[in-house]
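Chemist:
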Amino acid sequence: MIEEKFFKHPSFFPKTKPDKSHPIKLYLFAWLALFILSAMSYYVDYINLEGLIRWFLITILALMKAGLIVSVFMHLAWERVALIFTILLPPIFLILMLAIFANEGNAINVIRTTFN
Amino acid sequence: MMASIVFAIFTLLVIVFNYYSIENDFWFPELASNWGALDTATLMTLIISGIVFVGLSLFICYCLVRFRHKENSKAEYQIENNKLESWLAAVTTIGVIILLAPGLMVYSDLINEPEDSLKIEAIGEQWTWSFRLPGADGFFGKTHPKHFDLNNSFGLDPTDQYAQDDILIKSNILHLPIDKAVSLSLRSKDVLHDFYVPQFRVKMDMVPGQLTKLWFEPTIEGRYEILCAEYCGIQHTNMRGLVVVESEEKYKKWLSEQVIFANTSIDITSNSNNQEILSGENLSISLGCIACHSLDGSKNVGPSWKGIFGTERTLINGTKLLADRLYIEESIIKPNSKILMGFAPIMPIYNLDDKELDLIVEYIESLN
Amino acid sequence: MNDLVKDWSSDVSTFKIRWSKAMMWIFLISDTFIFGTFLISYMAIRLTVVDSWPDTSQVFALHIGGTEVPLLLIAIMTFILISSSGTMAIAVNAANKKDKKKSGLFMLLTIIGGIAFVSMQAFEWTKLIIDEGIRPWGNDFGSQQFGSFFFMITGFHGLHVLIGVIYLSIVSKRLLAGRYERIDDYQIVEVAGLYWHFVDLVWVFIFAFFYLW
Amino acid sequence: MQNIQLKESLYEGQKIHHPKTWLTKYIFSQDHKTVATQYFFLSLLTGVVGVILSIVMRLQLGFPGVFDISPDTYYQSITMHGMIMVIYLLTAILLGGFGNYLIPLMLGARDMAFPFVNMMSVHFYALSVLLLFTSYLVPGGPTGAGWTLYPPQVLLPGTPGYDWGIVMMILSIAVFIIAFTMGGLNYVTTVLQSRARGMSLMRMPLVIWCIFLATVIGLLAFPALLVAGIMLLLDRLIGSSFFMPDIFQFGQHVTNVFGTEYEGGSPLLFQHLFWFFGHPEVYIVALPMFGIVSELISCHARKNIFGYKMMVWALIVITAISFIVWAHHMFVAGMNPVLGFFFATTTLIIAIPTAIKVYNWVLTLWKGDIHMTVPMHYAVGFIFTFIIGGLGGLFLGNVSVDVELSDTYFVVGHFHVVMGISPILAMCGGVHHWFPLITGRTMNNFLGKIHFWGTFSGAYLIYIPMHYLGLGGILRRYYDFQGLAYVSDSLKDMNIFITLASIVVGLIQFIFLFNIIWSYFKGKKVGKNPWKATTLEWQTTTMPPGHGNWPNNLPVVHRWPYDYSVPGASEDYIPQNVPINLDTSGENSNE
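Chains as they are written, first to last, in numbering that gives the first Met the number 0: chain H, 0 to 115; chain A, 0 to 367; chain D, 0 to 212; chain R, 0 to 590.
1. Restricting to runs no shorter than 4 residues, where is the alpha helix (DSSP H) found entirely within the stretch 408 to 456 of chain R?
2. Report the neighbours of R:H271 on chain H: residues whose CB is nearer than 9 Å to its CB, in chain order.
3. Residues in the same chain with beta-carbon distance under 7 Å from R:T78, minus the five sequence neighbours each way, listed in chain order, please.
4. For my contact list, D:F105 and D:I79 are in at a C-beta cut-off of 8 Å; report their separation, rounded to the angstrom.
5. Expressed to the nearest angstrom, what Euclidean distance is found between the alpha-carbon atoms of A:L210 and A:H143?
6. Which same chain residues end up closer than 6 Å to A:F27 when comparing Cβ atoms and leaving out the 5 residues on each side of it in sequence?
7. Look at the alpha carbon of A:N150 and the alpha carbon of A:L282, and state the distance between them as a whole number of angstroms.
8. Measuring alpha carbon to alpha carbon, tell me which residue in R:E536, R:L553, R:P159, R:P435 is nearest R:V206.
9. Here's a check: name, in chain order, each residue in its chain whose Cβ is nearer than 7 Å to the Cβ of D:T36, leaving out the five neighbours to either side.
10. Alpha carbons only, please: which of R:D406, R:T254, R:H80 is nearest the one belonging to R:Y477?
11. Which residues, taken in chain order from the stretch 191 to 210 of chain R, show a beta carbon closer than 9 Å to some beta carbon of chain D?
12. DSSP state of R:R301, grouped into three classes?
13. In the DSSP assignment, find the unbroken beta strand (DSSP E) run with H:F117 in it and report its ends.
14. Please tell me whether A:V242 and A:V196 are closer than 9 Å, where the distance is taken between their beta carbons.
15. Less than 8 Å between the CB atoms is what I'm expecting for A:A31 and A:Q198, so what's the real figure, rounded?
16. Mind pulling the chain H residues with CB within less than 7 Å of R:S265?
17. Quick one: is H:G104 buried, meaning 16 or more other Cβ sit within 10 Å of its Cβ, or exposed?
18. In whole angstroms, what is the alpha-carbon distance linking R:L231 and D:Q186?
19. At which residue ranges does the stretch 37 to 85 of chain A contain complete beta strand (DSSP E) runs of 3 or more residues, listed in the order of the chain?
20. Just list the residues that DSSP pairs A:I168 with in beta bridges.
21. Near R:A378, what residues of its chain come up, given a Cβ to Cβ distance below 6 Å and the 5 sequence neighbours on each side ignored?
22. In angstroms, rounded to a whole number, what distance separates the CA positions of A:I363 and R:P151?
23. Give every residue of the same chain whose Cβ lies closer than 8 Å to the Cβ of A:S56, excluding the five residues on either side of it in the sequence, and list them in chain order.
24. Less than 9 Å separating the beta-carbons of H:L60 and H:V69?
25. Would you please verify whether the beta carbon of H:R111 is less than 9 Å from any beta carbon of chain A?
26. Across which residues does DSSP place A:W214 in a beta bridge pair?
27. Give the secondary structure of A:Y195 by DSSP, where H, G and I count as helix, E and B as strand, and everything else as coil.
28. Cβ of R:G98 within 9 Å of Cβ of R:G182?
29. Counting C-beta neighbours from all protein chains within 10 Å, is the total for R:N551 16 or more, i.e. buried, or is it exposed?
30. What's the gap between the Cα of A:A88 and the Cα of R:W365?
31. Under a three-way DSSP split, which group does A:D189 fall into?
32. Name the chain D residues that come within less than 8 Å of H:I52, Cβ to Cβ?
33. Can you name the residues that DSSP bridges to A:P113?
34. Compute the Euclidean distance between the alpha carbons of R:I320 and H:M96, then round it to the nearest angstrom.
35. What is the DSSP secondary structure of R:L474, reduced to helix, strand or coil?
36. Quick one: which chain H residues come within Cβ less than 7 Å of A:L210?
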């Protein structure tokens with residue numbers, strides 16, 4: 000029967016407040032981790048690492064920090080999969096944009112350095 | 000019923016118009032370069048899409064007649080037919096590939112210029128063209144926007160030894176030898192322009208602060224207009240040039256008459272009156288005055304220079320005054336202080352020194 | 000994964016979260032695109048320009064007793080913003096436990112952090128404009144786009160922080176006034192928290208790609 | 000009996016503020032229906048201005064020199080016409096108007112998720128329109144750089160409105176983006192979070208799918224325009240040079256407002272940013288048209304839309320790809336030529352899902368029971384014009400063909416068929432279809448048919464010739480064509496013909512406006528659900544729906560939205576909220 004199908008459907012009584020009773024310890028840990036990561040990225044600049052290694056470290060550290068903030072502070076880790084996917088998919092377009100713009104910028108730079 | 004018939008009529012009208020436009024030359028201009036491939040690609044797309052359009056349209060018209068509402072007629076209940084739809088998708092994909100593949104091949108030719116091509120640089124500015132050839136050494140001298148000034152309208156680096164023998168063509172008429180691949184480097188001094196010769200088919204924007212490339216091979220002797228295809232300000236329409244395709248020897252002769260960079264930029268120093276008129280003319284060209292002020296009395300964005308000197312002019316506010324030396328100098332330095340009747344206050348301010356002012360005014364005076 | 004399909008094919012509500020929270024998340028995605036586009040344009044121009052890009056650790060250095068400490072101020076600002084983010088997280092956690100006092104207290108701490116951040120940024124701007132002589136149309140260190148991009152990106156981020164401070168003040172005022180207690184609904188604190196964490200998130204990338212890169 | 004009182008927790012925030020005064024009823028109303036009407040009339044108003052501007056242009060082109068239209072006026076008209084039509088008319092009317100009206104009703108919600116934000120959205124939109132038109136009052140008039148606002152000419156003398164017109168334009172756009180974001184967040188949240196019980200995503204009418212996806216595109220694409228606008232504004236106001244390289248114009252080096260020279264910027268960056276917004280914008284306009292037409296065809300052919308699932312997936316694919324095709328507007332703009340291969344390929348790939356949608360519309364007509372009502376006229380006409388437009392896209396997307404055709408009248412013809420005539424047909428069809436729902440009266444059929452045939456034939460007579468002019472290499476944005484050797488003499492007559500045709504079509508549009516007003520007072524009164532449609536908006540207890548849409552209980556949805564001509568059913572349509580077990584068509588109902 001159709002009614003049963005509907006009433007049994009989980010979406011009828013959604014958890015309007017997903018369970019977020021995490022211990023404060025978790026936040027303090029994330030907090031500490033963020034400090035350490037920031038200090039590390041600051042240190043990368045302080046000891047004047049150059050070239051690929053510098054860029055690699057900076058990017059990795061930034062992404063790790065971002066991951067911590069989004070997943071722990073913004074609770075995304077404990078959200079439903081549907082939401083997580085919706086949040087994480089659109090930035091793909093930004094990555095493609097980045098690739099194209101980088102290519103374009105390089106091309107123009109080459110032109111300018113060779114012909115001026 | 001009626002509706003579908005009218006729809007069908009309009010569909011066929013497209014085909015009719017196809018013939019009409021071929022009759023009336025709304026069709027590819029005469030081809031004068033090696034880029035017939037572009038026409039082929041376009042024509043192919045036109046035919047395929049034309050067939051698809053007529054087919055689909057007539058099918059719709061048929062449906063409208065065949066399945067129009069009648070007494071107790073009832074529609075068929077079919078939710079979907081994945082087999083049919085995947086077939087249609089597959090056919091469309093094949094069609095797209097058929098269109099795309101040749102296009103990409105032509106494009107790869109388009110962006111790879113031949114090695115032995117004739118190197119020419121075209122410079123666009125509001126609203127005229129000028130050209131530069133590498134000269135005897137076969138190398139372009141370095142250029143930089145910061146070198147631009149009234150005597151160095153190509154922005155060449157004076158210290159570069161390659162630059163000295165570069166051939167500068169300040170007029171907007173370019174001569175080309177026939178059946179020789181030409182690769183153009185395109186530069187712009189001010190805003191976006193686009194080098195376009197309809198008979199050569201290809202076009203490419205000129206972007207300030209960078210350099211774009213374009214190549215073609217003229218195949219028919221003749222004189223063809225150069226047009227600006229990218230909107231570049233109110234005189235966009237009047238930004239025209241001329242490319243003359245001629246035999247090798249004629250081209251050589253023309254080339255030998257052109258000045259090289261080392262011999263330019265001497266005009267302003269000399270003093271004889273005749274010299275000044277000449278260099279005033281050059282000045283007015285390099286300043287781009289003549290883009291807005293015609294020399295033959297015809298009305299343009301700005302008032303024509305022919306025969307204005309010493310005549311009485313009427314301003315917007317109705318006051319009349321004599322177009323003497325002072326008035327003309329003021330109109331150059333503070334253009335929007337006195338606006339002529341029937342013209343818009345759009346002239347930019349030119350801060351020229353007294354000598355240059357004199358040259359311009361002398362030149363205008365000489366046009367009487 | 001099964002959960003994913005079930006949610007998307009369910010009726011009524013896809014995400015099973017409150018509307019305000021869903022709206023904030025969607026807004027944050029849109030805002031991500033704004034900041035992403037800012038940073039990508041910055042990258043494109045920095046790749047394009049011919050003259051060298053200024054050495055940031057030299058530009059943003061701070062002189063402490065004669066010795067030059069690179070990026071000190073920025074490090075402190077980062078520290079403050081992360082801390083404020085942490086306090087905000089605790090405030091949200093307390094709000095979920097319906098602990099009005101604690102939540103309000105930590106929100107006030109967050110607001111103080113935000114104000115400190117903005118004022119330090121103001122100090123940094125004045126230092127750069129007056130001492131270093133950096134202008135949108137040029138500077139003594141290198142490419143002239145440096146100044147304009149710095150003022151544009153940090154300015155836009157600072158604006159976000161400022162809005163966040165105002166937003167949080169309103170929320171905390173209502174919280175302490177007991178409005179949410181009455182309707183027994185502390186959702187809005189969590190929503191405000193999302194926004195604040197996002198501001199922090201953006202700063203992470205600005206710090207990495209503008210100051211350190 | 001299926002309408003079970005829902006738990007409050009599902010519908011929190013749905014406090015219905017019943018209007019007290021005239022002001023709160025018509026100006027500061029939070030009712031999505033009123034907001035939609037406000038959007039509708041405001042955008043129609045700007046649209047009228049846009050039409051007048053286009054007539055100004057055509058007069059110059061048809062009769063050069065006769066009407067004494069200066070180049071400034073001409074190029075300012077081009078710019079304002081483009082901006083108004085693309086952003087302030089189409090985006091606003093399709094999402095703000097139709098979206099606002101239909102989403103809550105078709106989903107079985109009481110109102111938008113955030114009625115107050117919704118109200119703010121329409122007020123910000125009004126402000127942006129105001130700012131747009133004040134640019135006619137600033138010194139130098141509105142900007143005349145073309146709707147693409149390309150630097151550097153947009154900031155340089157030699158282009159009209161280079162000093163203050165552009166500033167007003169950017170401010171107006173920024174305000175519009177704020178307004179759109181407010182509205183967009185509402186639409187997305189409402190669609191995702193407050194559907195009726197039983198209304199799963201795969202049971203949503205296609206028009207809601209389309210408006211939803213168009214809004215998503217907008218929320219992700221408008222940021223690029225905002226950023227580009229901000230950077231352009233800074234170039235103009237604080238002397239930065241993001242887009243301005245070193246420029247030597249009229250014999251002098253161009254300086255910014257602080258007297259220092261521009262240096263090192265990249266004009267191409269703006270073009271990339273602009274088109275990263277600009278191409279998705281095409282789909283922001285196109286998808287809602289798709290949706291409206293799908294509804295009309297299905298309802299008036301009394302047949303379920305063919306291949307509903309395929310249609311939805313096609314829409315999603317189009318949405319995704321629309322973000323990675325933008326540079327096909329820049330094939331000859333001087334970008335790195337290698338990118339041409341990538342963007343040509345993606346562009347032609349997007350043609351496939353679009354074609355599938357067209358096939359499905361045609362297949363919906365096949366073996367249907369077609370009532371040639373006025374809305375059906377519009378819908379079928381849309382299919383014709385859209386086929387033309389789509390095929391034109393095959394030319395311009397294919398890079399080497401584009402090299403030959405870009406910047407010619409082929410482009411003008413193409414995007415006017417796609418974004419000029421097709422939206423008009425879809426919009427007017429939608430208005431004819433939903434007018435009874437809004438007012439309780441039908442629109443006048445006779446006037447409707449006059450307007451349809453006028454507009455439809457106009458589409459052919461104006462824009463088909465333009466395609467052929469493009470083949471002939473006639474360039475767009477030209478003030479006049481005098482003294483061009485390669486242009487045939489018959490171009491003059493053709494321009495006159497097009498001008499006359501466009502004037503007629505322009506005037507015919509006023510018949511439609513008159514029809515709306517006339518029918519509002521004098522139109523034939525009709526009962527509930529005159530078209531016998533299945534979707535929820537027609538199932539409200541009162542027509543037009545009252546404030547809050549559903550007086551006591553929210554409806555419960557039991558079937559997909561296209562149960563037309565179900566075998567064995569008593570009527571040839573079964574509304575979405577009729578339980579399946581009350582009817583023999585359960586097994587057919589596309590569960």
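We put the CB at the ideal spot given by N, CA and C, even for glycine. Here the structure is a predicted model, which means the values were calculated and not measured.
Modeler: Concretely, from the data shown:
1. 408 to 415, 421 to 438
2. For the purposes of this step, residue 271 of chain R is taken as the residue at position 272 of the fourth sequence. What R:H271 touches in chain H: M96, I99, F100, E103.
3. Counted from its first residue, the fourth sequence places residue 78 of chain R at position 79. The answer, listed in chain order, is P141, T142, G143, A144, G145, W146.
4. Within the third sequence, the letter at position 106 stands for residue 105 of chain D. Within the third sequence, the letter at position 80 stands for residue 79 of chain D. The pair is not a contact, with the Cβ atoms about 15 Å apart (cut-off 8 Å).
5. Position 211 of the second sequence, counted from the start, is the residue given in the question as residue 210 of chain A. Position 144 of the second sequence, counted from the start, is the residue given in the question as residue 143 of chain A. C-alpha separation (whole angstroms): 11 Å.
6. For the purposes of this step, residue 27 of chain A is taken as the residue at position 28 of the second sequence. Only D38 meet the Cβ criterion.
7. As a first step, residue 150 of chain A is located in the second sequence; it is residue number 151 there, counting from the start. As a first step, residue 282 of chain A is located in the second sequence; it is residue number 283 there, counting from the start. Taking the straight line joining both Cα atoms gives about 8 Å.
8. For the purposes of this step, residue 206 of chain R is taken as the residue at position 207 of the fourth sequence. Nearest of R:E536, R:L553, R:P159, R:P435 to R:V206, Cα basis: R:E536.
9. What you label residue 36 of chain D is simply residue 37 of the third sequence in a count that begins at 1. Closer than 7 Å at Cβ, skipping near neighbours: no residue.
10. Position 478 of the fourth sequence holds residue 477 of chain R. The option with the nearest alpha carbon to R:Y477 is R:D406.
11. L191, Q192, S193, R194, A195, R196, G197, M198, S199, L200, M201, R202
12. Looking up residue 301 of chain R in the fourth sequence gives position 302. It is coil, neither helix nor strand.
13. Examination of residue 117 of chain H is not possible in this model, given that chain H is present from 0 through 115 alone.
14. As a first step, residue 242 of chain A is located in the second sequence; it is residue number 243 there, counting from the start. As a first step, residue 196 of chain A is located in the second sequence; it is residue number 197 there, counting from the start. Cβ atoms of A:V242 and A:V196: closer than 9 Å.
15. Stepping through the second sequence from its first residue, residue 31 of chain A is reached at position 32. Stepping through the second sequence from its first residue, residue 198 of chain A is reached at position 199. Right, their Cβ atoms sit about 4 Å apart.
16. As a working note, residue 265 of chain R is residue 266 in the fourth sequence. Ordered by position in chain H, the residues that pass the 7 Å Cβ test against R:S265 are I107.
17. Here residue 104 of chain H is taken as the residue at index 105 of the first sequence, counted from 1. So H:G104 counts as buried.
18. Along the fourth sequence, one-based indexing puts residue 231 of chain R at 232. Along the third sequence, one-based indexing puts residue 186 of chain D at 187. Approximately 39 Å between the Cα atoms of the pair.
19. none
20. One-based indexing of the second sequence puts residue 168 of chain A at position 169. Answer is A:F130, bridged to A:I168.
21. To locate residue 378 of chain R, count along the fourth sequence from 1; it is residue 379. Excluding residues within five positions, the ones whose Cβ falls inside 6 Å are V292, L295, I296, G428.
22. Along the second sequence, read from residue 1 onward, the residue named residue 363 of chain A stands at position 364. Along the fourth sequence, read from residue 1 onward, the residue named residue 151 of chain R stands at position 152. C-alpha separation (whole angstroms): 31 Å.
23. As a working note, residue 56 of chain A is residue 57 in the second sequence. Counting only Cβ-Cβ distances below 8 Å, and skipping sequence neighbours, we find F6, A7, T10.
24. Position 61 of the first sequence, counted from the first residue, corresponds to residue 60 of chain H. Position 70 of the first sequence, counted from the first residue, corresponds to residue 69 of chain H. Not closer than 9 Å, so no.
25. Taking the first sequence and counting its residues from 1, one reaches residue 111 of chain H at position 112. Taking Cβ atoms only, chain A reaches closer than 9 Å to H:R111, which makes this a yes.
26. Taking the first residue of the second sequence as position 1, residue 214 of chain A is located at position 215. Answer is A:S182.
27. Position 196 of the second sequence, counted from the start, is the residue given in the question as residue 195 of chain A. Residue state, collapsed to three classes: strand.
28. Start at 1 with the first residue of the fourth sequence, and residue 98 of chain R comes out as number 99. Start at 1 with the first residue of the fourth sequence, and residue 182 of chain R comes out as number 183. A contact, by the Cβ cut-off of 9 Å.
29. Residue 551 of chain R sits at position 552 when you count from the first residue of the fourth sequence. Exposed, since its Cβ has fewer than 16 Cβ neighbours within 10 Å.
30. The count along the second sequence starts at 1 and reaches residue 88 of chain A at position 89. The count along the fourth sequence starts at 1 and reaches residue 365 of chain R at position 366. When rounded, the distance between both Cα atoms is 18 Å.
31. Taking the first residue of the second sequence as position 1, residue 189 of chain A is located at position 190. DSSP places A:D189 in coil when its eight states are reduced to three.
32. Indexing the first sequence from 1 puts residue 52 of chain H at position 53. Within 8 Å Cβ-Cβ: nothing; H:I52 doesn't reach chain D, min ~13 Å.
33. By one-based count along the second sequence, residue 113 of chain A stands at place 114. Its beta-bridge partners do not exist; DSSP assigns none.
34. If you number the fourth sequence from 1, residue 320 of chain R lands on position 321. If you number the first sequence from 1, residue 96 of chain H lands on position 97. The straight-line gap from Cα to Cα measures roughly 13 Å.
35. Here residue 474 of chain R is taken as the residue at index 475 of the fourth sequence, counted from 1. It is a strand residue.
36. Counting from one through the second sequence, the residue named residue 210 of chain A turns up at place 211. The contacting residues are I110, F114.
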